[in-house]
Amino acid sequence: MTMLKAAGLSIRFGGVAAVDGVSLAVPEGELCALIGPNGAGKTTLFALLSGFLAPQSGAVEFDGRTVTGMKPHAICALGLARTFQIVQPFAAQSVRENIAVGAHLRLRSRRDALAFADEVARRVGLAGELDKPASALTIAGRKRLELARALATRPKLLLLDEVLAGLNPQEIDAVVPVVRAIRDSGVTVLMIEHVMRAVMSLADRVLVLAGGRLIAEGPPAAIAADPRVVEAYLGQGTAARLARSGGAP
Amino acid sequence: MPDATILAAALVNGATQGAIYALIALGLTLIYGVLHIINFAHGAALMAALYAVLLLFTGLGVDPYVALPIVTAGMFALGYALQRMVIGPASHGRDENILLVTLGVAILLENLALVAFKSDTRTIDTPYAFATVDVGGVLIAVPKLAALGGALAMTAALFWLIERTDLGRAIRAVAKERQGARLCGIDVEHVFALCYGIGLACVGAAACFLLPSYYVNPTVGGGFVLIAFTVVVLGGMGSFVGALVGGFVVGLAESLGGLAGITLGWGENMGQLGIFLVFIAVLLFRPQGLFGARG
Amino acid sequence: MGSRAPATGLGRDLAVVAAIATAILLLPLGTQSGAALHAVILTLLATVLGQGWNILGGFGGQFSFGNALFFGVGAYAAAVLQMRLGINAWIALPLAAAAGAAVGALVGALAFRYGLKGSYFALVTLAFAEVFRILANMLPFTGGGVGLMLPLDTRAAAMQFASRVGYLYLIGAFAVAGFLLHVWLRHSRFGAWLVAIRDNEAAAAALGVDAFRVKLAAIVLCGALTATSGLFYVQYLHYIDPNIAFGPAFSVEALLGPIVGGMGTVFGPLVGAIVLHALSESTRNLVADVPGVSLALYGAVLIVMVRYMPGGIMGLLRRR
């Protein structure tokens, strides 16, 4: 069964087509990566899928329902949660309270939501930081918090926008298994990611966006070898990195 | 239906009032455009300037029009100091704080005036207060004509300052790209304070043109500040042309609305009510203003 | 915030509310002085006014500069219902609260539907208060600029009391209701959503929070609670006119208490009201009763608080 389907999604800002006729399908249970050079329209595509922007044309179908034009909170209530590339913590509140906001989507009781926040924090490795104010977390901690809050809404589909960006290699190695565990728990994942090493080891399938268009899709190894993808990244040295990490994951 | 003379008089009145509104609103829109804050102390500053004009006249016999450079310079200094020493440091980088601090300044100024001058409404008695000129059968009071001319001249001067001088370029740079301007070596805090000072200087000039045909009491600013907000919102926050056009639109709307109210027997309040309803409608439906491009 | 387990925090907050309620109940045993009771009554009135503002401004981050709108609607609803329609004051109480809620819903539906925030929201509330002030001046059933004088009828059945103790208990009950509302906000899903919207509306929306509905509910609660303070004003002082009801004085008082005491805290509005009233009482004793002095002081306090103590007094206590 298809968890997420987009058909001909387009949006223009001024004269520029940020997302141009993108169609995609993510089957239930898959971990799918969305890659592409800077300015390719990846974050804009996420905004269209999660209701933060309304497409000028095209449609989004989530879990068998058309969600085009619905508000973000309503889409989230259906089971589609997203994280932000630039982390958006409720800075004055504790980590536990931050996660509880997400938990409240399914849990009315304050006590239950706070207890569930503890449970989710354990899953993402934040159990030791529950009482800290969110503003006291490191970048890596804030990325985990983004993940935890979204997870606390008990999503069927998680859109992750660069949860690994800004992390050092050790931190990346620590977060990759967390993402894998989320997928293994039955949550479908679509993730924007620049860290190719992680994409290669995590993704079942890779979508490549360039200039607002989907230019390639396939298994990670095939994508790494695809000349169109190499061309899209040309000059950024990513093709070489892809080849390397594809050869020795 | 009122006859043509009354209608013409209402139009002239509206235009003059509109010019004053435009001048006050220019100061407000400059402060908004650069500092991105709404200066809630604007009305209180006008009140303070009106008292300065009053005291200069009654105490030292300085004519309001002669007082123009003194009051304008004084208000500039007050504004510069306020931004530099009070508003800037209290903001902690959050717009909400600036909102509250300017409200605090407004409350403080208005009530200090109440302590100093009691709540009496006061006017000045100039030799030309009741002089009129005949323009095509319509008698126009000289002070009103002076206000119209003066407000337009001040507006032109402000345009020149912003568009043609180095200071104006610095101001525009800060308005557009705060961090970038800072990196280019522009003293942003200084420019903020300059803008706030210029904003209050506009109010000082407005006071000089206003008092000969108006009055002053400690709460006189309150009425003007909401109208100035309306003008600024109507014209688009930060837009000078918008403030100018908006000022005339609101002045005419008030004058004609008042006339319609009296003619229809609803009372003069209709004009004021009309302004606020327009204000709310613009805020809700077109917060970028009629001329603004801001989304 | 947050370092305590939720249950103990709730218990402690409720215990403090119970202690405050007891103190109000027992106060007449300590003093029968009319002046002292009057001072406490006005402080509690300011507390309720501040509580109304705190729901929307402190918890929700939507700063209203025109909360006199709701105060005035409550006051006029109370006066008009009793004087023009002969409705009993106790029945007028829920109706006045409902009127405040309805006006809150109107302003909120318009302002939040069109996404007004920050300065724009402050301006629109101020403008609505002005519109109502002008309307109250114009309309025949409000008595116009002359205002309305509630006839004396000192029976508890008419919500008027021969002794100040009756009024103390009445405003005390409103304040306790306000406290309980705050405790609920602090320990409920609705409150968590409201605070999340204050801190980051986009992030809240991404977590399934319907920001429009939550903010709308907050302004409705704010309107209803603030309207009860307006009703109390009329019952206690027997007079209302457009400038008192919708003028800036109560709008300022409403926001100043929570800012001084601590925005978004359960007891900030009370702490702020006590500090401000103590301050204005002491200046009145020092510099005699010159009009403007205490409000000028309020303006200075507002500036100083924002400059040096943005978290309010409660914020200072918490930091230690």
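Residue numbers (the working numbering), protein chains in the order written: chain B, 1 to 249; chain C, 1001 to 1295; chain Z, 2001 to 2320.
Beta carbons are placed, not taken as given, at the ideal position from N, Cα and C, and that holds for glycine.
From a predicted model like this one, the values you see are computed outputs, not experimental measurements.
Where residue i falls: helix, strand or coil (DSSP)
i	result
residue 139 (chain B)	helix
residue 1229 (chain C)	helix
residue 2004 (chain Z)	Residue placement at residue 2004 (chain Z) cannot be trusted, given a pLDDT of 42 that sits under 50; what the coordinates show is reported in the next sentence. Note: residue 2004 (chain Z) maps to coil in three-state DSSP.
residue 2028 (chain Z)	helix
residue 1237 (chain C)	coil
residue 1187 (chain C)	coil
residue 1095 (chain C)	helix
residue 2174 (chain Z)	helix
residue 2017 (chain Z)	helix
residue 1119 (chain C)	coil
residue 1295 (chain C)	Since pLDDT at residue 1295 (chain C) reaches only 33, below the 50 mark, its modelled position is unreliable, and no value is offered.
residue 13 (chain B)	strand
residue 2309 (chain Z)	coil
residue 30 (chain B)	coil
residue 2117 (chain Z)	coil
residue 2100 (chain Z)	helix
residue 35 (chain B)	strand
residue 2148 (chain Z)	strand
residue 1154 (chain C)	helix
Beta-carbon spacing of residue i, residue j below 9 Å
i	j	result
residue 2051 (chain Z)	residue 2216 (chain Z)	no
residue 229 (chain B)	residue 221 (chain B)	no
residue 31 (chain B)	residue 191 (chain B)	yes
residue 2260 (chain Z)	residue 2271 (chain Z)	yes
residue 2269 (chain Z)	residue 2053 (chain Z)	yes
residue 1130 (chain C)	residue 1146 (chain C)	no
residue 223 (chain B)	residue 206 (chain B)	yes
residue 156 (chain B)	residue 61 (chain B)	no
residue 258 (chain B)	residue 6 (chain B)	The structure shown does not extend to residue 258 (chain B), since chain B spans only 1 to 249, so no value can be given for it.
residue 1231 (chain C)	residue 1250 (chain C)	yes
residue 2203 (chain Z)	residue 2196 (chain Z)	yes
residue 167 (chain B)	residue 140 (chain B)	yes
residue 1046 (chain C)	residue 1207 (chain C)	yes
residue 1133 (chain C)	residue 1105 (chain C)	no
residue 1280 (chain C)	residue 2080 (chain Z)	no
residue 103 (chain B)	residue 117 (chain B)	yes
Residues of its chain near residue i, where Cβ-Cβ distance is below 7 Å and the 5 sequence neighbours each way are ignored
i	result
residue 1039 (chain C)	1028, 1031, 1102 and 1199
residue 1135 (chain C)	none
residue 1228 (chain C)	1021, 1024, 1025, 1028 and 1042
residue 71 (chain B)	51
residue 114 (chain B)	96 and 100
Same chain only: Cβ atoms within 6 Å of residue i, ignoring 5 sequence neighbours per side
i	result
residue 86 (chain B)	none
residue 2174 (chain Z)	2048 and 2228
residue 2003 (chain Z)	Low per-residue confidence applies at residue 2003 (chain Z): pLDDT is 42, beneath 50, and the placement is therefore not dependable, though the value from the model is reported in the following sentence. Excluding sequence neighbours, residue 2003 (chain Z) sits near nothing in its chain.
residue 2165 (chain Z)	2028
residue 146 (chain B)	83 and 87
residue 1168 (chain C)	1161 and 1162
residue 171 (chain B)	140
residue 226 (chain B)	216
residue 2233 (chain Z)	2075
residue 2001 (chain Z)	Confidence at residue 2001 (chain Z) is low in this model, with a pLDDT of 42, below 50, so the placement of that residue is unreliable and no value is reported for it.
residue 2021 (chain Z)	2176
Beta-carbon proximity list for residue i, same chain, < 8 Å, skipping 5 on both sides
i	result
residue 18 (chain B)	11, 12, 41, 44 and 212
residue 1181 (chain C)	1170, 1173, 1174, 1188 and 1191
residue 2154 (chain Z)	2160, 2161 and 2162
residue 1194 (chain C)	1080, 1167 and 1171
- Message: At a CB distance below 7 Å, what residues from the stretch 90–108 of chain B approach chain Z? Give them in sequence order.
- Response: Residues 90, 91, 92, 93, 94, 96, 97, 100, 101, 102, 104, 105 and 108.
- Query: When Cβ atoms are compared, which residues of the stretch 2186–2201 of chain Z fall closer than 8 Å to chain B?
  - Reply: 2187, 2188, 2189, 2192, 2193, 2195, 2196, 2199 and 2200
- Query: Where are the beta strand (DSSP E) runs, 3 residues long or more, that stay fully inside the stretch 133–220 of chain B, in chain order?
  - Reply: 157–161, 188–192, 205–210 and 213–218
- Message: Can you pull out the residues from the stretch 39–73 of chain B whose beta carbon lies closer than 9 Å to at least one beta carbon of chain Z?
- Response: 50, 51, 52, 71, 72 and 73
- Under 9 Å (Cβ pairs) to chain Z, residues found in the stretch 1113–1147 of chain C: 1113, 1114, 1115, 1116, 1118 and 1119
- Message: Tell me which residues of the stretch 1231–1256 of chain C have at least one Cβ-Cβ distance to chain Z shorter than 8 Å, keeping chain order.
- Response: 1233
- Please name the residues in the stretch 2304–2319 of chain Z whose beta-carbon is closer than 9 Å to at least one beta-carbon of chain C, in chain order. 2304, 2305, 2306, 2307, 2308 and 2310
- Can you list, in chain order, the residues of the stretch 23–34 of chain B whose Cβ is nearer than 9 Å to any Cβ on chain Z? none
- Cβ-based contacts, 7 Å cut-off: residues of the stretch 1045–1077 of chain C near chain Z: Against chain Z - using a Cβ distance shorter than 7 Å - the stretch 1045–1077 of chain C contributes no residues.
- Item | Those runs of the beta strand (DSSP E) which lie wholly inside the stretch 70–124 of chain B and span at least 3 residues | You should have 80–82.
- Note down, one range per segment and in chain order, each alpha helix (DSSP H) of at least 4 residues found wholly within the stretch 2172–2220 of chain Z. 2189–2199 and 2201–2206
- Which residues, in order along the stretch 2258–2272 of chain Z, keep a beta-carbon less than 9 Å from a beta-carbon of chain C? 2259
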